[in-house]
Each structure stands twice: as C-alpha cells, then as structure tokens.
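Right, one structure below, let's go through it.
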Amino acid sequence: MRLADAPVLPFQFTNLAETASDYVREIRKLVGSPGKVNLAPLQDAVQALAKSAKACEDAFDQACASGDVFTRRPAQLQDLNQALYRTERVLTAPEGLPGRPWFKHQLYAPGFYTGYGVKTIPYVREAIEQQHWQEAVKGVEVVSRRLLALAAQIDGAAALLRTAR
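So for the sequence shown, my numbering puts the first residue at 1092; every next one is plus one.
Below, the structure is given as structure tokens:
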C-alpha cells in the first residue's frame, strides 16, 4: 500500500549497504588470514554504496522538507522513479553465475549445492568454499563492478532529488 500511494518509490539503500557489508565480512572469515583472495575491491565497493545510499536519503529528506516538489515537476518525478525502479536490475550480471548462467543476481542466488537455500554474494562465496581461487578473484571483480554500478545509479537518483528542490 505504501508503494502504491507514494509519489516517490520508498526505496532506502542504507540498509542494503549495511547488509552487503555484513556479507563481505562473512566472506572475509571464509577466506581466512592470510587471504588467498583480495577482498579490498568488494569492501571499497560496499563503502561507495554506503556513501551513495546516505547521500540519496539525505537528498530525499531535503526534497521533502522543501515542500511538495514532487507534484510540481511530474517529468522529473517520473525520471526519479525510473532510476529507483531500475536499481535492483543493476545488481545482475549478463553472464550470470559460474555453472548457472541463468542466475544473474550477484548478491543472492540459490546455492549450487543447497537447492533453494540462499547464498549471499554467491559468485565469490561458492568459489571460496570450493577453493577455486581464480574464480573467486574473478567473482570479486564482477560483484564489485555491480555494487559500484548500483552506487552510481543511486547517485543519479540523488542528483534528481537535489534538482527537484
């Protein structure tokens, strides 16, 4: 109901950034120390996502505080909602997951060996669990790019919110 009545899609990304950060911490524990996989690009991408999420929520709060700006500019409102609507799609990779190209989402997927049991950041996690280190390195690159693309998409939404005032 909240979604149907909202002039702006009520998406909040700080929780997603915190959750992704938790997933990266879990993966760091799997890798151990010294790590055979450099997770710094993933950590950097999650930090960029957190920064973008905060900036977007701040821009939304400021736009709301400045009055009913969302009804004065319907074309801009439509662009904003389209940007927000497309955020989840940015987390998909065209090539999908190794051995399962039909699973495209890079944060969540059923595990290769777990049936419907979910795996988080499956490209990286499953490669590490199977000790396929080169695949894990590639997974870090792919997932980092998707998270940075999400941060950029959120930055675009925040820019639209800032110009709405």
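In this text, a Cβ means the ideal position worked out from N, Cα and C, and glycines have one as well. Bear in mind the structure is a predicted one, so any value in this text is a computation, not a measurement.
Cβ shell of residue i (< 6 Å), same chain only, five flanking positions each side left out
i, result
"residue 1112", "1137"
"residue 1114", "1211, 1212"
C-beta atoms of residue i and residue j nearer than 8 Å
i, j, result
"residue 1228", "residue 1128", "yes"
"residue 1241", "residue 1182", "yes"
"residue 1251", "residue 1167", "yes"
"residue 1104", "residue 1147", "yes"
"residue 1200", "residue 1237", "no"
"residue 1097", "residue 1245", "no"
Pairwise C-alpha distance: residue j and residue i
i, j, result
"residue 1254", "residue 1230", "36 Å"
"residue 1247", "residue 1116", "28 Å"
"residue 1202", "residue 1190", "11 Å"
"residue 1176", "residue 1243", "14 Å"
DSSP three-state assignment for residue i, whether helix, strand or coil
i, result
"residue 1207", "coil"
"residue 1239", "helix"
"residue 1213", "helix"
Presumed contact (8 Å Cβ cut-off) between residue i and residue j, rounded CB distance
i, j, result
"residue 1220", "residue 1130", "The Cβ separation is near 15 Å, so there is no contact."
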